[in-house]
Amino acid sequence: AQSVTQPDIHITVSEGASLELRCNYSYGATPYLFWYVQSPGQGLQLLLKYFSGDTLVQGIKGFEAEFKRSQSSFNLRKPSVHWSDAAEYFCAAGILTGGGNKLTFGTGTQLKVEL
Amino acid sequence: DAGVTQSPTHLIKTRGQQVTLRCSPKSGHDTVSWYQQALGQGPQFIFQYYEEEERQRGNFPDRFSGHQFPNYSSELNVNALLLGDSALYLCASSLVGKGTDTQYFGPGTRLTVL
Chain A
2 AQSVTQPDIH
12 ITVSEGASLE
22 LRCNYSYGAT
32 PYLFWYVQSP
42 GQGLQLLLKY
52 FSGDTLVQGI
62 KGFEAEFKRS
72 QSSFNLRKPS
82 VHWSDAAEYF
92 CAAGILTGGG
102 NKLTFGTGTQ
112 LKVEL
Chain B
520 DAGVTQSPTH
530 LIKTRGQQVT
540 LRCSPKSGHD
550 TVSWYQQALG
560 QGPQFIFQYY
570 EEEERQRGNF
580 PDRFSGHQFP
590 NYSSELNVNA
600 LLLGDSALYL
610 CASSLVGKGT
620 DTQYFGPGTR
630 LTVL
């Protein structure tokens, strides 16, 4: 069965510190991969996406993610976290087929930023 | 460029009632997907509509149904509401045939079933 795993439910970092959020996927083929961010009571905002090519993907708000096929991982990173980055982060995967492209989401990682 | 819009923002219903949620896709998009996000969980795929037909469906009972209109907007209907249907319902739109079909999400409708 297709699945996405985010091992860390909660992460706390100090403002200015670096950040890495983990994501692992289990699919029959290499899926398309996404990171979304959700502020309380809000919808999902797309941070970045990977389809093919360069395995290091740049996104908005200074985020980047690296696709590692050998580890089935797509970890999100940011060199210096800002207080406004506090939110919930979701990793998602999908397979593009003629019959649809549903996304499978992880359970999310709640990021807290200490000032 | 208008993004994905959803209405209403919040809704309170009682068990056994029926509810209709609405979604307008991002300008230029032709595909609408619906997701259910329970508290503390990631979104779960309900179904996807393209060319006014259900294209793909997740593991949700027949109480969940939908519709897509010629202008690409969509409705999600839930019959015989259960307490467990309380959740944030997210709509996402995308454009078929672009090779990536990136989904962009609306702000969601918060449904509370009492």
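Top line first, the protein sequences correspond to chains A and B.
Here the numbering used here is used: the first residue of the first sequence is 2, the next is one more, and so on.
Here the numbering used here is used: the first residue of the second sequence is 520, the next is one more, and so on.
We treat Cβ as the ideally placed atom computed from N, Cα and C, and that holds for glycine.
Evaluate the contact criterion for the stretch 107-115 of chain A versus the stretch 45-64 of chain A: three or more CB pairs, one atom per stretch, below 8 angstroms.
-> no
Spell out a yes or no on whether the stretch 592-608 of chain B and the stretch 622-633 of chain B are touching, meaning 3 or more CB-CB pairs, one atom from each, closer than 8 angstroms.
-> Contact holds between the stretch 592-608 of chain B and the stretch 622-633 of chain B, because three or more Cβ pairs, one in each stretch, are under 8 angstroms apart.
Step through the CB atoms of chain A and report whether any lies within less than 9 angstroms of the CB of Phe564 (chain B).
-> yes
Mind reading off the beta-carbon distance from Gln3 (chain A) to Ser27 (chain A)? Whole number of angstroms is fine, and I expect it under 8 angstroms.
-> 7 angstroms
Between the Cα of Trp553 (chain B) and the Cα atoms of B:Lys532, B:Ser592, B:Ile565 and B:Glu570, which residue gives the shortest distance?
-> B:Ile565
Do Asn102 (chain A) and Ser613 (chain B) come within 9 angstroms of each other at the CB atom, strictly closer than that value?
-> yes
Give the straight-line distance between the Cα atoms of Ser584 (chain B) and Ala18 (chain A), rounded to the nearest whole angstrom.
-> Using only the alpha carbons, I get a separation of about 46 angstroms.
What number of angstroms, rounded off, separates the C-alpha of Val114 (chain A) from the C-alpha of Tyr90 (chain A)?
-> If I take the Cα positions, the gap works out to 13 angstroms.
Where do the ends of the beta strand (DSSP E) carrying Leu48 (chain A) lie?
-> Leu45 to Tyr51
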